[in-house]
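If you're matching positions, the sequence shown starts at 1 in full-length UniProt numbering and goes up one per residue.
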Amino acid sequence: MNNNINYDNHVVAGDVSMNDNSANNHNHGSAGISSSGSSRSTARFAAANAGAGDANNGRLMMMQPQQQNQQGVTSTGSGSSQDVIMHNNASIHNDLHYNNPNNNLYHRQPQQQQYYSSSAGAPSSQAAASSMSTSHNTHHNLLTDINPNNTHYSQYSSITYPGELTVYSWGRGEDGQLGIGDTSDQDEPTYVDALRGVGVKQIACGSGHTVVLTGEGEVYTWGRGDDGRLGHGDNGWKYVPRLTHSLTGQIITHVTCGSYHTAAVSSNGDLYTWGGGMYGKLGHGSESGHSTPRRVEALVGLSVIDIACGSRHTAVVTNKGCLYTWGDKENGVAGHGDPEGHQYTPKLLERLSGKKVVQLSACGFHTGCLTDQGECFTWGEGKFGRLGHGAERNCHSPRLIETLLGKRPKQIACGGFHSAVVTEDGKMYTFGGGEHGQLGHGDKVNKVKPTLVQALDGIVLQQITCGWSHSVALTTNGEVFTWGNGDHGKLGHGNGKKVSTPQLVERLVGHLVVRVASYNEHTAALVEPQSIADGGSRRRAPGTMVPVSACYLHDMKEMVNDEEYSDVTFIVEGQPIYALRAVLAKRCEHFAAMFRSGMRESEAGVEIPIPTISRAVFLLILEYLYTDSVKIDLDHAVELYIASDLYQISSLRDMCCVIVRRSIGAENATYLLQGAHEAHCHVIKEIAMEYIVANFDVISKGEGIKAVSHGLLLE
């Protein structure tokens, strides 16, 4: 690496040598349920008359009245005066290069930064690729964009983001597992400063320790060092990330953690394990532990692409979709049909012979996997219904979850006492122990079959991960929701309360989270540092939009309204705005039809007048078409909604609704209602009306009610 950081110098209390091999048991009991909400300030505006023939030429003009504070309002979501929308992005740079008639775009090969997360909750490459090409086109298939020859990628390398990812961690810190230099708990996401400049691309959490993988294939570990699980040749605890020198010379492509051991896959498909060896879970033929990484010889010659570690067992998937397990066989944990004894070396799981496994997860004493046919299998300890088979019986070999047939699961995540599945359309099903509210159904009832999490209806998930008694969900907008046992602050809500329904982690709002990880009592997130994901479209209609490559976002933004990189001119409010036809046509069917229509607008060199949209809003539309991101404030939300509807940009139109729902408050609802009414924007008008009705006692006492016409009040 270029940045060699001596992390030992950062250790606050020094490395502590510990030889206690006993498991850490904690009381998960907690009282109270935290309700969701937000207090972010919101901008208010008044809408002037936008009728035909007025001085504004039919455009809706906004202004901001004096800020007021109201109390006792029923909030419908978090509010913000300004929101930035980001999307999953895919490449259109080839079209720009080859279709630009002036050939004045420099075609450069972008640097690609892959990101990954713990196998306790990350979708497979096959499942991800499948989900990205569904009829809703919720995701774009980045695997094809990055790898046009469709050579093999592991499940964690299907999506890339530019720049260096930053790490946030929170929850229990007693073992130093948060990596912040001490042993304090953190009840909100906290930046891991010691990883600055390291270039993290994957993170995994264990029971008291954490591991990250860098873009250069190096491994850093920290936290509890019992059994040698950190891989530094001793049992010392590390309070900040420390490079695992014993892997020097190996390019590591994937890492994961169990309760007391750690595993890593090298670029040639070899598996390395280290830490506690009880039950044979390291796969080296005995119960001996190892304090430095050691290659699993029984798998040499096979190409491992995915790994999952439980408390007493390990499982891997090869590039041919074959599943091997080893470790404890009690209660069917290893899945080989024998409920007693231990399996000391990797053994093929015969029950799944002939099937191709595409994703794998394990935690505690059970395991789950998905096949390329959309099947979901689970096995191991069945207490609380965590296997999803309709009962609490143990299962000694993989068994199909029949209730998930036809639902097209793309990811399974196993927790200590529960499990979760995300389908290709972004819906979440949970099952198992609900004592701490970790199932997300608003109660503490166990579920023996997969049950839809109703509280997340309308929110599309891209990844889930489960801890021992809590759950974490990442949306396609880069937002994080957590629920369950809040002990030690592991939910990130600023307290230690239990939450029985998904609640937004407010501390991460304004950051584009790309992956989450958890295991026992702590949680972590990988964050795109220079992106803000605060709202966004939940779905993208088929054929309406080809996402912009994330590698080109910065350059594309610089080209918005740049005459040098243009071949078409629009006249808006009497001033020229410059654009590139290839971008507009590729990203927007309205412009594509315009340019191929044979009408005057399709002719080169013709200036195209835009009479009904303000210059500010038209520039917002161009910025979105160029970069897939745009700042939206309430001053422009109504007009931008109307304009995006006019140009058939459904994703941008939907964003405006999201922003309005998040930003509406007692101080601006009436102005929003009046403005939407005068602009004939019925959707936003309905949003405002619903909010006013729900909070009429408060709103009727404010000054804003005077902004609403008498006729509108009667409605």
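Each residue gets a CB set at the ideal place from its N, CA and C atoms; glycine is no exception.
The continuous beta strand (DSSP E) containing V422 extends over residues H418 to T423. Taken atom to atom, the span from the alpha-carbon of R294 to that of L400 is near 34 Å. Between the C-alpha atoms of K356 and S614 there is a straight-line separation of about 54 Å. The DSSP-derived three-state label of H336 is coil. Contact between T569 and E607 holds, since their C-beta atoms are separated by about 5 Å, short of 8 Å. Under a 10 Å Cβ-count criterion, S311 is classified as buried, with 16 or more other Cβ atoms of the shown protein chains found around its own Cβ. Residue environment for G197: exposed (fewer than 16 other C-beta atoms within 10 angstroms of its C-beta).
L282: not part of any beta strand (DSSP E); DSSP gives it neither H nor E.
Taking the C-beta atoms as reference points, I203 is found nearer than 9 Å to A517.
Shown here, L652 sits in a helix according to DSSP, grouped into three states.
Between T166 and V200, the gap from beta carbon to beta carbon is short of 9 Å. Ranked by how close their Cα comes to the Cα of L526, the residues R172, I307 and T190 have T190 in first place.
Distance from the CA of G390 to the CA of G478, rounded to the nearest whole angstrom, comes to 33 Å. For Q454, the closest alpha carbon among the candidates M278, G426 and Y272 is that of G426. Cβ-Cβ separation between N394 and W468: approximately 19 Å, too far for a contact (criterion under 8 Å). The distance from the Cβ of F384 to that of N485 is about 14 Å, inconsistent with a contact at the 8 Å cut-off. F696 counts as exposed, since fewer than 16 other C-beta atoms from the protein chains shown sit within 10 angstroms of its C-beta.
Between V219 and L247, the CB-CB gap stays under 9 Å. One alpha carbon belongs to C363, the other to L405, and they sit about 23 Å apart. F696 carries a helical assignment under DSSP once its states are collapsed to helix, strand and coil. L400 is bridged by DSSP to F377. In terms of Cα proximity to Y324, the closest of Q503, D567 and E350 is E350.
When DSSP assignments are scanned along the UniProt repeat "RCC1" (478-529), the uninterrupted stretches of beta strand (DSSP E) that are 3 or more residues long and fall wholly within it turn out to be 480-484, 499-504, 512-518 and 522-528.
DSSP places D175 in the coil class of the three-state scheme, outside both helix and strand.
V358 and L370 do touch by the CB rule: their CB atoms are close to 6 Å apart, below 8 Å. Taken through DSSP and simplified to helix, strand or coil, C309 comes out as strand. In the DSSP assignment, K586 falls within the unbroken alpha helix (DSSP H) covering R581 to R587. Of the candidates G494, T262, F618 and I699, G494 places its Cα closest to the Cα of D187. When rounded, the separation of the alpha-carbon atoms in S700 and E690 is 14 Å. Where Y324 is concerned, the enclosing beta strand (DSSP E) starts and stops at L323 to D328. Here the C-alpha atom of H511 lies approximately 36 Å from the C-alpha atom of T292. Following the DSSP letters along the chain, one finds S471 inside the beta strand (DSSP E) bounded by residues H470 to T475.
For the options E375, A315 and Y239, the alpha carbon positioned closest to that of V255 is the one of A315. Pairing L491 with L474 gives a Cβ-Cβ distance that is not under 9 Å.
Spatial neighbours of G269 in its own chain (CB-CB distance under 6 Å, excluding positions within 5 residues in sequence) are listed in chain order as S303 and V304.
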